[in-house]
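To start, the structure under review is shown below, and the notes come after it.
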Amino acid sequence: MVVPLEHVIGLSAILFTIGTVGALTRRNLVVILMSIELMLNAVNLSLVGFSRAFGEVDGHVFVLMVITVAAAEVAVGLGIVISLFRNRDSVNVEDVSLLKW
Amino acid sequence: MVTSTSLVNPSVLAPFGVVATGSLVVLLLEVLVGKRQSFLGRPVTREFVGTLLSGVSSIFLFIALIVAAQFFATMPGRIVFDPAHPMVAMDRLTAFATILVCIGSIFTCWLASTYLDELRIHHGEFYALLLLASSGMVLLVQSVDLVTLFMGIELMSIPIYALAGFARRDLRSNESALKYFLVGSFTSAILLYGMALLYGATGSTDFVQIRQAFDASNLLAIAGLGLLVVGFAFKVAAVPFHQWAPDVYEGAPTAVTSYMAVAVKVSAFVALLRIAIQAFGPMDARLSDLFWVLSAASIVVGNVMAVIQENVKRMLAYSSIANAGYILIGLAVGTEEAYAAVLFFLLVYLFMNVGAFAVVITLATGGKDRDRYEDYAGLSRTRPTLAALLTLFVVAQAGLPGTGGFIAKFILFSAALKQGFVWLPVIAILGSAVSFYYYLRLPVLMYTRDPEGAAPRMETSTGEGLVLCTCAVAVLLLGLFPAAGPGFLSHFRALEWVRETVALLG
Chain A
2 MVVPLEHVIG LSAILFTIGT VGALTRRNLV VILMSIELML NAVNLSLVGF
52 SRAFGEVDGH VFVLMVITVA AAEVAVGLGI VISLFRNRDS VNVEDVSLLK
102 W
Chain B
-1 MVTSTSLVNP SVLAPFGVVA TGSLVVLLLE VLVGKRQSFL GRPVTREFVG
49 TLLSGVSSIF LFIALIVAAQ FFATMPGRIV FDPAHPMVAM DRLTAFATIL
99 VCIGSIFTCW LASTYLDELR IHHGEFYALL LLASSGMVLL VQSVDLVTLF
149 MGIELMSIPI YALAGFARRD LRSNESALKY FLVGSFTSAI LLYGMALLYG
199 ATGSTDFVQI RQAFDASNLL AIAGLGLLVV GFAFKVAAVP FHQWAPDVYE
249 GAPTAVTSYM AVAVKVSAFV ALLRIAIQAF GPMDARLSDL FWVLSAASIV
299 VGNVMAVIQE NVKRMLAYSS IANAGYILIG LAVGTEEAYA AVLFFLLVYL
349 FMNVGAFAVV ITLATGGKDR DRYEDYAGLS RTRPTLAALL TLFVVAQAGL
399 PGTGGFIAKF ILFSAALKQG FVWLPVIAIL GSAVSFYYYL RLPVLMYTRD
449 PEGAAPRMET STGEGLVLCT CAVAVLLLGL FPAAGPGFLS HFRALEWVRE
499 TVALLG
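From first to last, the protein sequence lines are chains A and B.
Residues 2 to 102 (this note's numbering) are what the first sequence spells out, left to right.
Residues -1 to 504 (this note's numbering) are what the second sequence spells out, left to right.
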């Protein structure tokens, strides 16, 4: 049975929304990082879906690039979170408030 | 340089390759030299390693600059990596942007060397990260495909997240890196979703094919375009997507701030320009409305918020938001003349902004920035030359006649008026009038008040001196060049090669 394109795109849109809401509302930095990863993977899902519907490999190649980039990004992000944790003993975004206005 | 029709053309990637190689060489050199007692007959100290790496990085950037200039001077048209799947292209627009990026990065190398010593954070990785980010920018300005565009943006952004937090023990630098990272990666996800939708709507990732297949009645395509523009608006810090910029600019080490304010903005705008021309030509009217709103909001909010700042770096951050607003005018107008004016604006913006930040950097001492307004009181007595230079740079940003800033604004606004856009130039001129208040506050403080507090650093290093001189000469030359107006533009020849580029894009 072939999963119709609409379902793939719908699922991807739902996942992307969950990720967006998570990134905007959660207060724990690690959870925010996970939400951003969820957004990226939602995009990957729709890229694969489109690519399969077109019968091309462009989208698949794109997905490989995105996975690589996401790994690099999360490595740097965790590094930043760790250096912040060392100085502050907290991973809560509300404690990060030295710079305002 | 013959345009090949069937073979892959690797020379397109020459500037990118040089810069990327440079970053690896610098990384290795730090490990190899750092462990030795002496190198080339000199004892190895932290300062020595820093100066050496700064020199090596600027050599690589300079080679890339020469290669790009070579392309710029001899380019018959446009060459792409692989005619069947263009991915990256080299034309005059790209070469010009690459030159700007290289100049901005070389300035950062020269400024960073002494500044990082003063802040006691001199590590060799700085230059490796800087070169990596620059290679990302070069890739970004030459990409003609969504895949390379995304790679370029990420290769540019990820090293800069690390650079913003380079002062690891400084809480404000930590915070700046964290904010930039969170906003940047969130933005990348949005941008990427836009790209995925565009791919879904048009069946291709190539700009030209997207243009051919773009159907404005397709909801998917419109949503994709919208998300793409929002993503770029975040990257260039246009209102209402600007909140991160002042915090990040204030917290990051000043050398990094100047790099973010200049090189990132230049490359993001050139990429946006290319997308607007090449991929979404048919969408002109609606896209133009979008840019209109972003532009007006940025000019108003940027200038008004800059007035109430007490920190010079924050003020410069808001002023760079306002400048993004001026540049967006050119995109909203969308004629060849306006695009040429945008490129000229970016050129002037590079010099006047780096100049202003260079003065802030040159004053930093004792592990701290001197970035509050009070720190500038009486500077004309303690550091008269720096006071004069800072006056020149802020006056140029305000757009006083006789400086490059005036010419840049003048040709941009006149291109808008010519196309029947009246309100945008009016808003922009009112905004510039407001900007006089916060820019001229600095000269007033420097020349009318007595020095107070700790003395600033009294010596200027060679690198800082070079940057300051180059920027000052460039701002004055670009301002005093033959009469302004269309005659000037044709002298600059920007119009000619913008037309050439636009013609090649179709």
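Beta carbons: idealized from backbone N, C-alpha and C, even for Gly.
Helix, strand or coil: how does DSSP classify residue i here?
| i | result |
| --- | --- |
| P449 (chain B) | coil |
| F164 (chain B) | coil |
| R118 (chain B) | coil |
| I405 (chain B) | helix |
| K366 (chain B) | strand |
| R87 (chain A) | helix |
| A87 (chain B) | strand |
| A216 (chain B) | The amino acid occupying residue 216 (chain B) in the given sequence is Asn; Ala does not appear at that position. Residue state, collapsed to three classes: coil. |
| F37 (chain B) | strand |
| S318 (chain B) | helix |
| N7 (chain B) | coil |
| V260 (chain B) | helix |
| V78 (chain B) | strand |
| S171 (chain B) | helix |
| S141 (chain B) | strand |
| C467 (chain B) | helix |
Work out the CA separation of residue j and residue i for me, nearest whole Å.
| i | j | result |
| --- | --- | --- |
| S378 (chain B) | A385 (chain B) | 5 Å |
| M(-1) (chain B) | Q207 (chain B) | Residue placement at M(-1) (chain B) is poorly supported in this model, since its pLDDT is 41, which falls under 50; the coordinates still yield a value, given next. Rounded to the nearest angstrom, the two C-alpha atoms are 26 Å apart. |
| V509 (chain B) | F58 (chain B) | Nothing about residue 509 (chain B) can be reported from this structure: the residues present for chain B run from -1 to 504 only. |
| D89 (chain B) | V142 (chain B) | 11 Å |
| L10 (chain B) | D369 (chain B) | Note that residue 10 (chain B) is Val in the sequence shown, not Leu. For V10 (chain B) and D369 (chain B), the distance between alpha carbons rounds to 42 Å. |
| V305 (chain B) | E372 (chain B) | 15 Å |
| L41 (chain A) | G134 (chain B) | 20 Å |
| P251 (chain B) | F267 (chain B) | 23 Å |
| I188 (chain B) | L348 (chain B) | 28 Å |
| L50 (chain B) | T26 (chain A) | 46 Å |
| F509 (chain B) | R381 (chain B) | Given a span of -1 to 504 for chain B in the structure shown, any question on residue 509 (chain B) remains unanswerable. |
| S55 (chain B) | M313 (chain B) | 30 Å |
| M193 (chain B) | V145 (chain B) | 9 Å |
Would residue i count as contacting chain B if we go by Cβ distances under 8 Å?
| i | result |
| --- | --- |
| A72 (chain A) | no |
| S91 (chain A) | no |
| V67 (chain A) | yes |
| G78 (chain A) | yes |
| M35 (chain A) | no |
| L16 (chain A) | no |
| M40 (chain A) | yes |
| L1 (chain A) | The first residue shown for chain A is 2 and the last is 102, placing residue 1 (chain A) beyond what the model contains. |
| N29 (chain A) | no |
| I81 (chain A) | yes |
| I19 (chain A) | no |
Just checking: is the beta-carbon of residue i within a distance shorter than 8 Å of some beta-carbon in chain A?
| i | result |
| --- | --- |
| V99 (chain B) | no |
| E372 (chain B) | no |
| S183 (chain B) | yes |
| V299 (chain B) | no |
| L226 (chain B) | no |
| I156 (chain B) | yes |
| H190 (chain B) | Note that residue 190 (chain B) is Leu in the sequence shown here, rather than His. True, the Cβ-Cβ gap to chain A drops below 8 Å. |
| M85 (chain B) | no |
| E462 (chain B) | no |
| M149 (chain B) | yes |
| G451 (chain B) | no |
| V305 (chain B) | no |
| D367 (chain B) | no |
| G249 (chain B) | yes |
| F355 (chain B) | no |
Short-range partners of chain A found in the region 159 to 177 of chain B, where Cβ spacing is below 8 Å: Answer in chain order: Y159, A160, G163, R166, R167, L169, R170, N172, E173, S174, A175, L176 and K177.
Touching by the beta-carbon criterion (3+ pairs, under 8 Å), the region 71 to 83 of chain B and the region 114 to 124 of chain B: Result no; under three Cβ-Cβ pairs closer than 8 Å.
Interfacial residues, the region 200 to 222 of chain B to chain A, with Cβ spacing under 8 Å: In summary, the residues of the region 200 to 222 of chain B whose CB is separated from some CB of chain A by less than 8 Å are G201, S202 and T203, in the order they occur in the chain.
Positions along the region 105 to 127 of chain B whose CB lies within less than 9 Å of some CB in chain A: Per Cβ criterion, the list is empty.
Segment contact, 8 Å Cβ cut-off, at least three pairs: the region 291 to 298 of chain B with the region 322 to 341 of chain B: The region 291 to 298 of chain B is in contact with the region 322 to 341 of chain B.
Cβ-based contacts, 7 Å cut-off: residues of the region 42 to 59 of chain A near chain B: Under the 7 Å Cβ criterion, the region 42 to 59 of chain A contributes V44, S47, L48, F51, F55 and D59.
At least 3 beta-carbon pairs within less than 8 Å: the region 69 to 82 of chain A vs the region 3 to 20 of chain A: Judged by Cβ distances under 8 Å, the region 69 to 82 of chain A makes no contact with the region 3 to 20 of chain A, as fewer than three pairs qualify.
Meets three-Cβ-pair contact criterion under 8 Å: the region 348 to 366 of chain B and the region 391 to 398 of chain B: With contact defined as three or more Cβ pairs closer than 8 Å, the region 348 to 366 of chain B and the region 391 to 398 of chain B are in contact.
The region 101 to 113 of chain B / the region 249 to 269 of chain B touching (three or more Cβ pairs under 8 Å): With three or more CB-CB distances shorter than 8 Å, the region 101 to 113 of chain B counts as touching the region 249 to 269 of chain B.
Validate contact between the region 172 to 184 of chain B and the region 230 to 248 of chain B using beta carbons, cut 8 Å, 3 pairs: A contact exists between the region 172 to 184 of chain B and the region 230 to 248 of chain B.
Touch test, the region 44 to 56 of chain A against the region 223 to 235 of chain B, Cβ-Cβ under 8 Å, three pairs minimum: With a cut-off of 8 Å, the region 223 to 235 of chain B and the region 44 to 56 of chain A do not count as touching, because too few Cβ pairs lie within range.
The region 270 to 284 of chain B contacting the region 401 to 414 of chain B, beta-carbon criterion three pairs below 8 Å: By the C-beta criterion, the region 270 to 284 of chain B is judged not to be in contact with the region 401 to 414 of chain B, since fewer than 3 inter-stretch pairs fall below 8 Å.
Residues from the region 429 to 452 of chain B in contact with chain A, defined by Cβ distance under 7 Å: Cβ contacts with chain A: none found.
Validate contact between the region 155 to 166 of chain B and the region 8 to 20 of chain A using beta carbons, cut 8 Å, 3 pairs: The region 155 to 166 of chain B vs the region 8 to 20 of chain A: no contact.
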